[in-house]
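Using numbering that gives the first Met the number 0, the first residue of the sequence shown is number 0, and each one after it goes up by one. Note that beta-carbon positions come from the ideal geometry of N, C-alpha and C, so glycine has one too. Remember, it's a predicted structure, so these values are computed and weren't measured experimentally.
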Amino acid sequence: MRLLTILTGLFLLAFTFKLPDSYFATLRILVPLSSLYLIKQAYDNDAHSRVFLFLIIIGLYNPFMPISIYQHGLWVLVHITAGIIFLTRGIKWPQVKKEEEAS
0 MRLLTILTGL
10 FLLAFTFKLP
20 DSYFATLRIL
30 VPLSSLYLIK
40 QAYDNDAHSR
50 VFLFLIIIGL
60 YNPFMPISIY
70 QHGLWVLVHI
80 TAGIIFLTRG
90 IKWPQVKKEE
100 EAS
C-alpha cells in the first residue's frame, strides 16, 4: 500500500500540467481509494486529525459528485498540496509501521 500512496502523490503532482480528462477520471478513483486506506490506518493509530484531513481530500476528489473549481490555478494548488500530503505519508510509511510494532 506504500507504493499506492506514493503513486497517488506522484499522479497528483503530475496533474499540475495540462493533461487529458481521462487522466483526471483516473485521479478521481485513485485518490479516494488511497485516502480510504490511509483513513483506516490513521483511525487504527488514533490520529483523528489525519482522518479528518483525508475525508476532506475524498470530498474534493470523489467520483460521484465532482467538485468544480473553474480556476485552473486553484486546482493546481489543491493538487500540489494533496500530492505533498500523499508523498509524505508514503515516505514516512516505515516509521508508522515501526510505531505500530512498538505498541
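Could you pull out every residue in the same chain whose Cβ sits closer than 8 Å to the Cβ of residue i, ignoring the five residues on either side in sequence?
{"i": "Val50", "result": "Ile38, Ala41 and Tyr42"}
{"i": "Gly58", "result": "Ile66"}
Going by alpha carbons, who is nearest to residue i out of the options?
{"i": "Val30", "options": "Thr87, Ile83 and Thr4", "result": "Thr4"}
{"i": "His78", "options": "Leu2, Lys17, Asp45 and Met64", "result": "Lys17"}
{"i": "Ile66", "options": "Gly8, Leu12 and Phe23", "result": "Phe23"}
Buried or exposed, going by whether 16 or more other CB atoms sit within 10 Å of the CB of residue i?
{"i": "Leu11", "result": "buried"}
{"i": "Ile56", "result": "buried"}
{"i": "Leu73", "result": "exposed"}
{"i": "Phe63", "result": "exposed"}
With a CB to CB cut of under 7 Å and the five nearest residues on each side skipped, what residues in its chain are close to residue i?
{"i": "Thr15", "result": "Val75, His78 and Ile79"}
Assuming residue i is part of the alpha helix (DSSP H), what are its boundary residues?
{"i": "Thr7", "result": "Arg1 to Ala13"}
{"i": "Gln40", "result": "Asp20 to Asp43"}
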